[in-house]
Amino acid sequence: MPSHIAIIMDGNGRWAQERGKPRLYGHRVGAEVAKTIVLAASDMGAKYLTLFAFSTENWKRPPAEIQGIFRVLEEFFLREVKLLEGYGIQVRIIGEKSGLPGSVQSVVERSEELTRSGRKMAVNIALNYGGKWDIIQSVRSIARDVQSGRVRPDDITEKMVSSRLSTSGQPDPDLLIRTGGERRISNFLLWQSAYSEMYVTPVLWPDFTPDHLKEAIREYRSRHRRFGGDGG
Ligand code: IPE
Ligand code: IPE
Ligand code: MG
């Protein structure tokens, strides 16, 4: 079983458009699917799940869609936080929170607080997240320590950079799933996915089911992870 699963939840817009509906309808259904998949991953024994919900590049979309996505996210947390708490799921928001609308910030912070003691599974919601942003904020924090004399440049290690990323304390993703068929990383977990097994499915996110997740895990188990070694 992969300990950490990360998912690029892509395809909401196309799914809605195929049905002659506004893109926002796809985002609404996508939020329901996210809930189902969080519970399914937890039942299957995953310890960490990271969901890409809004990227630092998604600000390029029309303001109406952006506002709609944030409304869906806000409603999702308001509606589901009790359920997540009940299942022992700890919520962590990764991404630049200060760039989010104030109402979203307060709702997600409350969700983090309420679920803090959850031990069954940790779910990271990547919101206003970019892999480049994550590396920059880690580097800035190290630079501050260098400036104040606490760290010497030669003492900077891989571990130090990792420990200041938004996913600090968590293992890197074992399995990285992308729905919607695109074969790219779209600035998701750049550092953390160095050795993740990638699984791309054409299934659009609103159609993604626990059985699809099982299939991805089944395929993951057949992979031979070498981590640069000779495979022996
Ligand atoms: C993913 O679905 C959700 C977000 C990026 C917020 P999209 O909205 O990107 O859907 P497609 O890729 O256009 O179908
Ligand atoms: C990636 O999807 C971001 C999220 C799922 C939140 P995009 O739809 O933004 O990615 P591109 O634009 O196709 O690379
Ligand atoms: Mg997309």
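The numbering of the sequence shown is this note's numbering, which starts it at 1470 and goes up by one.
No residue lacks a Cβ here, since even glycine has one placed at the ideal position from N, Cα and C.
At what residues does the beta strand (DSSP E) containing residue 1473 begin and finish? 1473-1477
Nearest to residue 1510 by alpha carbon, out of 1551, 1591, 1651? 1591
Verify the contact flag: residue 1523, CB atom, against every heavy atom of ligand 1, threshold strictly below 7 Å. yes
Can you give me the Cβ contacts of residue 1483 inside the same chain, cut-off strictly under 8 Å, excluding the 5 residues immediately before and after it? 1495, 1649, 1673
Let's test the definition: count the other Cβ atoms within 10 Å of the Cβ of residue 1623 and tell me whether it reaches 16, buried, or not, exposed. Residue 1623 is exposed by the Cβ-count criterion.
Could you tell me the distance, in whole angstroms, from the CA atom of residue 1631 to the CA atom of residue 1662? 12 Å
Does residue 1478 pass the burial test, meaning 16 or more other C-beta atoms within 10 Å, or should it be called exposed? buried
So who's on the other strand from residue 1561, going by DSSP bridges? 1593
Mark residue 1528 as exposed unless 16 or more other C-beta atoms lie within 10 angstroms of its C-beta, in which case mark it buried. exposed
Would you say residue 1569 and residue 1607 are within 8 Å of each other, going by their C-beta atoms? no
Taking Cβ positions, are residue 1675 and residue 1502 nearer each other than 8 Å? yes
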